[in-house]
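Take a look at the structure below.
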Amino acid sequence: MRRGWGLLAALALLGCTAPPTLLAPPPPPQRSGFADMGAATQAMQREDGANPAMLWVQDGQQLWGQAPTAQSKACASCHGEVVSLRGVAARYPAWDTLLQRPVNLGNRINLCRQRHQGQPAWPAEHASLLGLEALVGLQSRGLPIAPPADPRLEPFRERGAALFSQRIGQIDLSCATCHDQLAGGRLAGVTIPQGQANGYPLYRLEWQDLGSLPRRIRNCMTGVRAQPLPAHSVEMVELELHLARRALGMAVETPAVRP
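The sequence shown begins at 3 in the numbering used here and counts up one residue at a time.
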């Protein structure tokens, strides 16, 4: 424990800032990052009119009903009202048969865009991609995270769990060092959260922007002076699979707000 706090001190000085559901008990007790925020920030998330992320949701709603070209279809042409996707975001990452590997929700939106609309994939953190992802995620708000019990996902999920516990970077920290072993402690006057992935994409006050879970993971990897994973890599999705299992049963908060 003392060694962990020493590493975190060094880190602070360097400036780190309805398929079947998987049945596996998560590490208790789970705690959303919402519980560690101040009252004003909590109020911002609770009230849609005050939540800046809802601006992206509005853009996503417009994109949902709009065909990208005269020759292509809108999302609504296949799916109807977006409320038809209630519960979908709570089950990602999930298996893609054509790719023969798991994809996250952002990947799925881009695959639909390529396969069914004949359009190029949006790059990571593109505002339109985040808007649609936030819109779809909002449909599952309040539902429990329910990773699919798909045996094809298990090897990928286990590699994600290993990556979560692997020490990386010049500062020699793992995700688990902060978010499991030292969660609830203090770093530079701020509570160390569990890093639960139940609110993405979310609006981060530090960014003054909406961002995806891969963006946050890449930020942490840069903070420990490690080479960040590419946003659309298989390894990133593997890590997301582990985080979904870790958050099993937690309520979806998308689009959340965080400091």
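The beta-carbon is built from N, C-alpha and C at its ideal position, and this holds for glycine as well.
Excluding sequence positions up to five before and after S74, its CB lies within less than 6 Å of the CB of Q119, G120, all in the same chain and listed in chain order. Taken through DSSP and simplified to helix, strand or coil, L204 comes out as strand. Judged by beta-carbon spacing, L184 lies beyond the 7 Å limit of V138, meaning their Cβ atoms are not closer than that value. The shortest CA-to-CA distance from G62 to any of S214, S130, E240 is the one to S130. For the options Y202, G213, L243, M56, the alpha carbon positioned closest to that of E127 is the one of G213.
Within the stretch 138-208, the runs of alpha helix (DSSP H) that reach at least 4 residues and sit entirely inside it are, in chain order, 156-167. Per DSSP, L113 is one residue of the alpha helix (DSSP H) stretching across 107-119. With 16 or more other CB atoms across the displayed protein chains lying within 10 angstroms of its CB, G35 is buried. For A246, the enclosing alpha helix (DSSP H) begins and ends at 236-248. In the DSSP assignment, A96 falls within the unbroken beta strand (DSSP E) covering 96-98. If you ignore the 5 residues before and after S176, its C-beta comes within less than 6 Å of the C-beta of S167, Q168, R169, all in its own chain and listed in chain order. Each residue's CA atom was taken as its position, placing V254 and R248 some 13 Å apart. Contact between G171 and R227 holds, since their C-beta atoms are separated by about 4 Å, short of 8 Å. For L132, the number of other beta carbons within 10 angstroms of its own is at least 16, and it is reported as buried. For L212, the enclosing beta strand (DSSP E) begins and ends at 211-213. Excluding its 5 nearest sequence neighbours in each direction, Q68 has C-beta neighbours in its own chain below 8 Å: A76, listed in chain order.
Close CB contacts of G144 within its chain, under the 7 Å cut and outside five residues either way in sequence, are with A253, V254 (chain order). The C-beta distance from E83 to I111 rounds to 17 Å, too long to fall under 8 Å, and the pair is not in contact. Sequence-distant partners of R93 (beyond 5 residues in either direction) whose C-beta falls short of 6 Å from its own C-beta, in its chain, are A148, P150. In this structure, the alpha-carbon of W124 lies about 20 Å from that of A96. In this structure, E240 places its C-beta atom within 7 Å of the C-beta atom of G162.
Taking each of L57, R103, R206 in turn and checking the Cα distance to M238, the smallest one comes out for R103. Excluding the 5 residues flanking it on each side, P195 has same chain C-beta neighbours closer than 6 Å at G35, D38, in chain order. If you draw a straight line from the Cα of M223 to the Cα of A41, it is about 29 Å long.
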